[in-house]
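Chemist: Can you read through this structure? Questions will come right after.
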Amino acid sequence: MTRLFAAGERALLLDTKSRRYLVTLTVAGEFHTHAGYVHHDDLIGQPEGTSVRSSGGARYLAVRPTLSDFVLKMPRGAQVIYPKDLGPILMLADVFPGARILEAGVGSGALSMTLLRAGAEVVGYELRSDFSDKAQSNVAAFLGPDGVSRYRVEERDVYEGIDEVELDRVVLDLPEPWRVVKHAEAALHPGGILVSYLPTIGQVAQLREELAQTRFGMTETIEVLQRSWHVEGPSVRPDHRMVAHTGFLTASRLLGG
Ligand code: SAH
């Protein structure tokens with residue numbers, strides 16, 4: 012069934028140059044642009060894909076934001092993990108509905124939202140209360156009460172230990188994940204998976220040395236390169252620019268013995 016835009020929900024507006032704006036629709040609200048304003052009421056009650064004109068005559072296309080759109084536009088405290096890495100993390104960590112996941116640190120909550128969207132139950136450890144607040148409000152804004160009900164963030168240092176037991180997965184985005192390996196070894200059940208996102212290869216080497224001294228095995232490290240293409244008439248070629256580097260992904264399984 013077609014869900015029409017309603018007051019209170021978010022719309023992503025694209026101008027003719029494909030610039031993107033995230034707007035929360037309100038009755039009688041206005042979205043101000045360099046070309047006048049768009050009346051929210053012109054969108055409320057319309058289906059996605061509707062085009063509207065601003066008072067200055069500019070055209071805007073409206074769709075609901077995807078998780079990827081939201082992650083790139085949402086309020087941020089800490090740097091977020093980008094969609095190109097968020098998707099592969101779901102596969103490396105083999106996230107499934109009901110999976111019990113410990114995530115640290117939580118930052119702005121981009122990874123939390125991705126894990127929750129895949130149906131997981133997430134406990135987050137985060138040092139900073141301002142980030143933890145931001146992550147929780149982003150989860151509430153995009154995933155609503157269902158997401159919130161499967162999400163708990165504790166203000167604490169994961170290097171000091173993990174209280175949870177019988178976890179399915181531990182997912183880390185912090186500077187010294189080797190300091191979490193012993194805790195993860197105790198908190199995961201056999202077959203459980205640890206995934207760590209790290210910006211530099213020296214950090215990866217240190218993590219892998221630590222993993223090699225524990226019951227973790229089947230360890231793999233990858234990086235994900237994403238190259239977009241310019242497709243316009245006969246001009247079909249890779250774009251001139253790409254994001255050269257974000258981070259390395261390392262996944263490891265807790266084995267018996
Ligand atoms: N993955 C997040 C971004 C995390 S940024 C996202 O996609 O939005 C890294 C976060 O780790 C920061 O918020 C920092 O405060 C937190 N952090 C660093 N060391 C930590 C520790 N020992 N325990 C808990 N959180 C920690």
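In terms of the numbering used here, the sequence shown opens at residue 12 and continues consecutively. In this text, a Cβ means the ideal position worked out from N, Cα and C, and glycines have one as well.
1. Just checking, does the segment 183 to 200 make contact with the segment 225 to 245 on the three C-beta pairs under 8 Å criterion?
2. Along the chain, where does the alpha helix (DSSP H) containing Glu196 start, and where does it finish?
3. Among Asp80, Val182, Ala146 and Gly130, whose alpha-carbon lies nearest the alpha-carbon of Arg264?
4. Can you list, in chain order, the residues of its chain whose CB lies under 8 Å from that of Glu41, leaving out five sequence neighbours each side?
5. Please report the distance separating the alpha-carbon of Leu178 from that of Gly135.
6. When you compare the CB positions of Leu33 and Lys84, do they come within less than 8 Å of one another, or not?
7. Are the Cβ atoms of Tyr170 and Ser123 separated by less than 8 Å?
8. Is the beta carbon of Glu132 within less than 7 Å of some heavy atom of ligand 1?
9. At which residues does the beta strand (DSSP E) containing Ile112 begin and terminate?
10. Considering only DSSP beta bridges, list what Val134 is partnered with.
11. Please find out if some non-hydrogen atom of ligand 1 comes closer than 7 Å to the beta-carbon of Asp141.
Modeler: Checking against the coordinates, here is how it stands:
1. yes
2. Val192 to Ala198
3. Val182
4. Tyr48, Val49, His50 and His51
5. 13 Å
6. yes
7. no
8. no
9. Arg111 to Ala115
10. Leu113 and Arg163
11. no
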